[in-house]
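Colleague: Numbering (my numbering), first residue to last: 929 to 1298.
The beta carbon of each residue, even a glycine, is placed where N, CA and C say it ideally should be.
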């Protein structure tokens, strides 16, 4: 029994020395003292300090985290990037303004090819997906991208080998077929004809005529430009505007010695202290000197770094620069002392405790009989 008492005494002594040494180091780490407000004079000093640190337009011009809008300094916020679960409204604006350019034939346009002196050759045809039409005697002829006048000129030249002065004319019977199909596939909304398109888990959006397009990772402006480029290859006189209706917030994760570990949504730009506050702060057993952050957002491989938040808070460092990114994993470990406590608990409370009670009682009874 005396042996165990001596061992426990040594452990307590070592832990005491370790705690004193840690406090001494922490005392040396604190290089600045925060301003204490205890009077009206102190409040004025605080106001002056805030004014000195205010980010003016002149300072913002040299600060990468700020921008100047309307001669006002505002924090620079990166553009939001589309992700799975977001809902985008695609508004279709069809332009019907008169233009000096002649109409050019498109796939699925219906045209009449008229032979005034040889009506037996006249026909009504549809421009095929390969851009051609089929006519008597000459077979397939290119039609898409040509104006009706240009097509008539080409046909007159080709048919001159068979007919004398054919004088062929081309007239439009049905055109802008793709626009009509597009209108049938979209709904009518107060802002015009539009389509509500959710972003699928694979990051794609399904759009009429275009099929599935990758949207994840693009800003709204970038994706809008891409959609307009793709539609311009098939439909003329169309302009598309995108509106972000719903945002599926990205998540980050906090584990370890915090009040409420778990997954949290990034509803705004957060720094490390904001994230810990969302998790109801850190426990007394948490080691703020060894906070681990694991990051993999947009990186070719995960990276990890440690943050000494305790020192940053004491030195009044600019911890706001430690921005949290989507999918970050924040781990607050236990302090060394709490690790030792866990070991002692496992050894003495859950381990040796199961044997000691009987032996100690036996020893006491033996001593009494002595």
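Is the segment 1031–1050 touching the segment 1152–1160 in the sense that three or more CB pairs, one from each, lie closer than 8 Å?
Modeller: no
Colleague: Can you tell me the Cβ-Cβ gap for residue 1033 and residue 1071, rounded? I've got them flagged as a contact below 8 Å.
Modeller: 5 Å
Colleague: By how many angstroms is the C-alpha of residue 1114 removed from the C-alpha of residue 1100?
Modeller: 26 Å
Colleague: From what residue to what residue does the alpha helix (DSSP H) around residue 1238 run?
Modeller: 1237–1242
Colleague: Just verifying my parser: in three-state terms, what is the DSSP assignment at residue 1103?
Modeller: If DSSP states are grouped into helix, strand and coil, residue 1103 belongs with coil.
Colleague: What residues in its chain sit with their C-beta under 6 Å from that of residue 1260, if we drop five residues either side in the sequence?
Modeller: 1184, 1185, 1186, 1210, 1214, 1219
Colleague: Give the secondary structure of residue 1159 by DSSP, where H, G and I count as helix, E and B as strand, and everything else as coil.
Modeller: helix
Colleague: Determine the extent of the beta strand (DSSP E) in which residue 1211 is found, giving its start and end residues.
Modeller: Element bounds for residue 1211: n/a, residue is neither H nor E.
Colleague: Anyone know if the C-beta pair for residue 1077 and residue 1030 falls short of 8 Å?
Modeller: Yes, they are a contact pair.
Colleague: Spell out a yes or no on whether the segment 1014–1023 and the segment 1160–1173 are touching, meaning 3 or more CB-CB pairs, one atom from each, closer than 8 Å.
Modeller: yes
Colleague: Which same chain residues, not among the five before or five after residue 954, have their C-beta less than 6 Å away from its C-beta?
Modeller: Interpretation of residue 954 is limited by its pLDDT of 47, a score under 50 that renders its predicted location unreliable; no figure is taken from the coordinates.
Colleague: Taking its Cβ as the centre, do 16 or more other Cβ atoms sit within 10 Å of residue 1258, making it buried, or is it exposed?
Modeller: By the neighbour-count criterion, in which 16 or more other beta carbons inside 10 Å mark a residue as buried, residue 1258 falls on the buried side.
Colleague: Could you give the residue range of the alpha helix (DSSP H) that holds residue 1053?
Modeller: Segment 1051–1054 is the beta strand (DSSP E) holding residue 1053; no alpha helix (DSSP H) there.
Colleague: Among the candidates 1189, 1217, 1254, 1232, whose CA atom is the shortest distance from the CA of residue 1239?
Modeller: 1217
Colleague: Would you call the CB atoms of residue 1036 and residue 1105 closer than 8 Å?
Modeller: yes
Colleague: Would you kindly check if the distance between the Cβ of residue 1011 and the Cβ of residue 1384 is under 8 Å?
Modeller: Limits of the chain in this structure are 929 at one end and 1298 at the other, which puts residue 1384 out of reach.
Colleague: With a cut-off of 8 Å, do at least 3 Cβ pairs link the segment 1062–1071 to the segment 1080–1095?
Modeller: yes
Colleague: Determine the contact status of residue 1015 and residue 1001, defining contact as a CB-CB distance below 8 Å.
Modeller: no
Colleague: Cα separation between residue 1190 and residue 1221?
Modeller: Rounded to whole angstroms, the gap between the alpha carbons of residue 1190 and residue 1221 is 15 Å.
Colleague: Whole angstroms is fine: what's the gap from residue 1230's alpha carbon to residue 1224's?
Modeller: When the Cα atoms are used, residue 1230 and residue 1224 turn out to be separated by approximately 4 Å.
Colleague: Is the CB-CB distance between residue 1148 and residue 1141 below 8 Å?
Modeller: no
Colleague: Taking residue 1178 and residue 1128 to be in contact with their CB atoms under 8 Å, please state how far apart those CB atoms are, rounded to whole angstroms.
Modeller: Not quite, the Cβ-Cβ distance comes to about 16 Å (not below 8 Å), so this is no contact.
Colleague: Taking the alpha carbon of residue 1173 as the point to measure from, which residue in 1233, 1080, 1123, 1243 has its own alpha carbon closest?
Modeller: 1123
Colleague: Along the chain, where does the beta strand (DSSP E) containing residue 1017 start, and where does it finish?
Modeller: 1015–1022
Colleague: Looking at the secondary structure, which residues open and close the alpha helix (DSSP H) in which residue 1174 lies?
Modeller: Taken as a continuous stretch (DSSP letters only), residue 1174 belongs to no alpha helix (DSSP H), being part of the beta strand (DSSP E) at 1166–1174.
Colleague: For the putative contact between residue 1063 and residue 1041, defined by C-beta atoms under 8 Å, what is the C-beta separation to the nearest angstrom?
Modeller: The pair is a contact, with the Cβ atoms about 6 Å apart (cut-off 8 Å).
Colleague: Less than 8 Å between the C-beta atoms of residue 1092 and residue 1043, yes or no?
Modeller: Not in contact: residue 1092 and residue 1043 (Cβ atoms no closer than 8 Å).
Colleague: So what's residue 979 in DSSP terms, helix, strand or just coil?
Modeller: helix
Colleague: Under three-state DSSP, which class holds residue 1084?
Modeller: Judged by DSSP in its simplified three-state form, residue 1084 adopts helix.
Colleague: Classify residue 995 as helix, strand or coil using the three-state DSSP reduction.
Modeller: strand
Colleague: How far does the beta strand (DSSP E) with residue 1191 in it reach, from first residue to last?
Modeller: 1190–1193
Colleague: Might you give, ordered along the chain, the residues of its own chain that have their beta carbon closer than 8 Å to the beta carbon of residue 1192, omitting 5 neighbours on each side?
Modeller: 1179, 1180, 1181, 1182, 1203, 1206, 1207
Colleague: Starting from the Cα of residue 1233, find the closest Cα among 1200, 1132, 980 and give me that residue.
Modeller: 1200
Colleague: Who are residue 1066's beta bridge partners in DSSP?
Modeller: The partner list for residue 1066 (beta bridge, DSSP) is empty, contrary to what the question assumes.
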